[in-house]
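Read top to bottom, the protein sequences are chains C and W. With the first letter of the first sequence counted as 1, position 192 gets the number 192 in our numbering; the numbers rise by one all the way through. With the first letter of the second sequence counted as 1, position 150 gets the number 1150 in our numbering; the numbers rise by one all the way through. No residue lacks a Cβ here, since even glycine has one placed at the ideal position from N, Cα and C. Written out below as structure tokens is the structure these notes cover.
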Amino acid sequence: MIRVEGLKKTYRHVHALDEVSFCVKPGELFAYLGPNGAGKTTTIRILTGLTRLSGGNAWLNGFHIERDSLRAKRQFGLVMQSINLDQELTLLENMDIHGRLYGMKKALRRIRIRELLGYVDLMSRKDTIVKRLSGGMKRRLMVARALMHSPKILFLDEPTVGLDPGIRRRIWGLIKQIQHSGTTIFLTTHYIEEAEFLADRVAFIDKGKIAALDTPAAFMARTGKWAIDLMQDGQMKSVYFKDRKEADTFVANHRGSYTLRRVNLEDAFLSLTGKKVKN
Amino acid sequence: MLLLKRRIKRLILSMSVSPLLYLIAFGYAMGKSVRFGGHTYLEFLIPGLVAMSSMTQSFAIATDINVARFYWHIFEEFQAAPIGNVAYVAGEVLAGMSRALISVTVILTLGMLFGVRLHCLNPLFWLAVALNSFVFASLAVALAMLVKSHADQSLLTSFVITPMAFLGGTFFPVDRLPHWAGQIIWILPLTHASKAIRQAAFGNLPGLSPYLFVGLTGIIFFTMALKCVDQARD
Ligand SMILES: Nc1ncnc2c1ncn2[C@@H]1O[C@H](COP(=O)(O)OP(=O)(O)OP(=O)(O)O)[C@@H](O)[C@H]1O
Ligand SMILES: [Mg+2]
């Protein structure tokens, strides 16, 4: 469980986070969706003790991140946005050092490494120097490493950025699997479809503030069920409808080409931020 | 931390190069003609090199820390792990000290090859070496946390370590310097450490004060390092 109340972070004059509050339930997959510079990484850095907060409070499984920081740190695993593996060591050594940092016994470390490298499908590469892995493999290794000490919470900062669609789907599958094993997951992304596919609840964050927070289904229901994309005055527009019948009526009176499709989270996001016309 | 192991071979090689050069250059150039207080110049030089090398090698962990921090981002792994600042600083300092001890062993071995015999089993000698590397490893951790980039780091090394290496009684006795210079040199921890190391290596009793001075400086730097680790959370 993650509880965040009035979190604030100021870098000199930049308000990176401004009174952010939310609560992630045990076992939930919570997505933090926002554009570049919105404050996603800053939130994760504060919750994981990498950055000092300027105001507010936060608890991880009931442990305050500042007052009880060592116990709070035992609760989570962390996959950062940038690769932070020791590139000169092997996969096995990277995993092992992590286990030692968390005070795991040698026998347990060996079992976990075998289990996890198998889980992310890297067992055959266990003695390779990390430098020689591809980007997707490094990501998977980072996820495995973060799970090494069996944390109850997993922070993922843009886990699929820069990966091809095939690998991305594979990592999505992995994340779902991790959630099913009972782990609470906090994930940041700027891919809307990633949040739609994975998340139980989504928070839209922009300029350090949470603009909206709900389940993907609720967001979409608010927008409508069906969408029609069409060209109007030389611009792409989407029109949203409560049901198929309404959409059909619209089509009957429409001249020109159009596409009829189901509403997705992107529509919800666009109509929420008012960047496109709403029906 | 103790990730040093696999790099040790390369380290030993690089550690022996500069003392070897000093030994050949100064040792042969000055030869047997120069004597300080009844000792040949080589006998005088080697304890100085021991002091200098234990300083530069233990301070070198600052570079390792910064590569880990700014280039590989591995430092975040330690920051997010449930280990206290004391454990982290102690780990890095120990790594620096082991590095220093290895380099000292290398120098003593080289010295023996040059036929220089010193009292290098004297525990007081090793205590002085250990304290000296403790001082500079702690200083290294503190400064490594304060710098904002890798370039700043090399700047620090050339302003702090290099002058100290030349002034701290390594190559010549400090009592031959003018009075004002002597005063500056007196506050450098390396001066005291090299004095103690040299006395112990000659089989004399170095006295308590250099140990106290160096030990206290070490404790101050270690405390500073603890503070600085906390500061490194931006
Ligand atoms: N160390 C820092 N010093 C000063 N400003 C910072 C620092 N780190 C982040 N910021 C600022 O805080 C704001 C939020 O940054 P953050 O990295 O949290 O964004 P993000 O949502 O993770 O973006 P991205 O999608 O690009 O990763 C930005 O305006 C950024 O410039
Ligand atoms: Mg980010």
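- Phe1059 of chain W is positioned such that its CB atom lies closer than 9 angstroms to that of Ala1140 of chain W.
- Contact annotation for Ile1074 of chain W against chain C: Asn84, Leu85 and Asp86 [CB-CB distance below 8 angstroms, chain order].
- Residue burial annotation: Ala31 of chain C is buried, with at least 16 other C-beta atoms found within 10 angstroms of its C-beta.
- For Phe76 of chain C, the closest Cβ of chain W is nearer than 9 angstroms.
- Sixteen is the threshold: since fewer than 16 other Cβ atoms of the shown chains lie within 10 Å of the Cβ of Pro35 of chain C, the residue is exposed.
- Residues of the segment 1075-1086 of chain W with a C-beta less than 9 angstroms from any C-beta of chain C: Phe1075, Glu1076, Glu1077, Phe1078, Gln1079, Ala1080, Ala1081, Pro1082, Ile1083 and Gly1084, listed in chain order.
- Taking Pro1163 of chain W as reference, the option from W:Met1052, W:Ala1142 and W:Gln1199 with the minimal CA-CA separation is W:Met1052.
- When beta bridges are read from the DSSP output, Arg1176 of chain W appears opposite no residue.
- At a Cβ-Cβ threshold of 9 angstroms, Phe76 of chain C and Leu89 of chain C do not count as neighbours.
- Nearest neighbour of Val1106 of chain W by Cα position, chosen from W:Cys1120, W:Leu1094 and W:Ala1095, turns out to be W:Cys1120.
- Legend: CB atoms of the segment 119-137 of chain C lying less than 9 angstroms from CB atoms of chain W are not found in any residue.
- For Met236 of chain C, there is no enclosing alpha helix (DSSP H); the residue is found in the beta strand (DSSP E) stretching over Gln235 to Phe241.
- A Cβ of chain C is located within less than 9 angstroms of the beta carbon of Arg1233 of chain W.
- Thr188 of chain C and Arg201 of chain C have their C-alpha atoms some 12 angstroms from each other.
- For Arg112 of chain C, no Cβ of chain W is located within less than 9 angstroms of the residue's own Cβ.
- Chain W places no beta carbon closer than 9 angstroms to that of Thr215 of chain C, leaving this residue out of the contacts.
- CA-CA distance, Asn1085 of chain W to Asp68 of chain C, rounds to 14 angstroms.
- Within the same chain, Cβ atoms closer than 6 angstroms to the Cβ of Ala1100 of chain W are found at Ser1054, Gln1057, Ser1058 and Ser1133, the five residues on either side in sequence being excluded.
- Under the 10 Å beta carbon count, Gln1231 of chain W is surrounded by fewer than 16 other beta carbons and is classified as exposed.
- A Cβ of chain W is located within less than 9 angstroms of the beta carbon of Lys73 of chain C.
- C:Ser54 is the residue among C:Ser54, C:Val24, C:Ile44 and C:Val4 whose C-alpha sits nearest the C-alpha of Arg12 of chain C.
- A direct Cα-to-Cα measurement between Ser257 of chain C and His180 of chain C gives close to 43 angstroms.
- A residue is called buried when at least 16 other Cβ atoms come within 10 angstroms of its Cβ; Gln232 of chain C does not meet this threshold and is exposed.
- Interface criterion not met: the Cβ of Thr188 of chain C is under 9 angstroms from no Cβ in chain W.
- Annotated three-state conformation of Ala1232 of chain W is coil, per DSSP.
- At a cut-off of 9 angstroms between beta carbons, Leu60 of chain C makes no contact with chain W.
- When secondary structure is reduced to three states using DSSP, Ile192 of chain C falls in the helix class.
- For His1039 of chain W, the secondary structure class from DSSP, reduced to helix, strand or coil, is strand.
- If you check each beta-carbon in the segment 38-53 of chain C against every beta-carbon of chain W, the ones closer than 9 angstroms belong to Arg45, Thr48, Gly49, Leu50, Thr51 and Arg52.
- Beta-bridge analysis with DSSP links Ile228 of chain C to C:Val239 and C:Leu260.
- Contact of Leu17 of chain C with chain W by beta-carbon distance below 9 angstroms is absent, the smallest such distance being about 14 angstroms.
- Distance from the CA of Lys242 of chain C to the CA of Asp267 of chain C, rounded to the nearest whole angstrom, comes to 13 angstroms.
- The straight-line gap separating the alpha-carbon atoms of Thr1217 of chain W and Thr43 of chain C is approximately 39 angstroms.
- When the beta-carbon positions are compared, Leu91 of chain C and Leu154 of chain C stay at least 9 angstroms from each other.
- With a threshold of 16 other beta carbon atoms within 10 Å, Ile65 of chain C meets it and is buried.
- Closest in C-alpha terms to Glu115 of chain C, from the list C:Arg145, C:Gly135 and C:Met137, comes C:Arg145.
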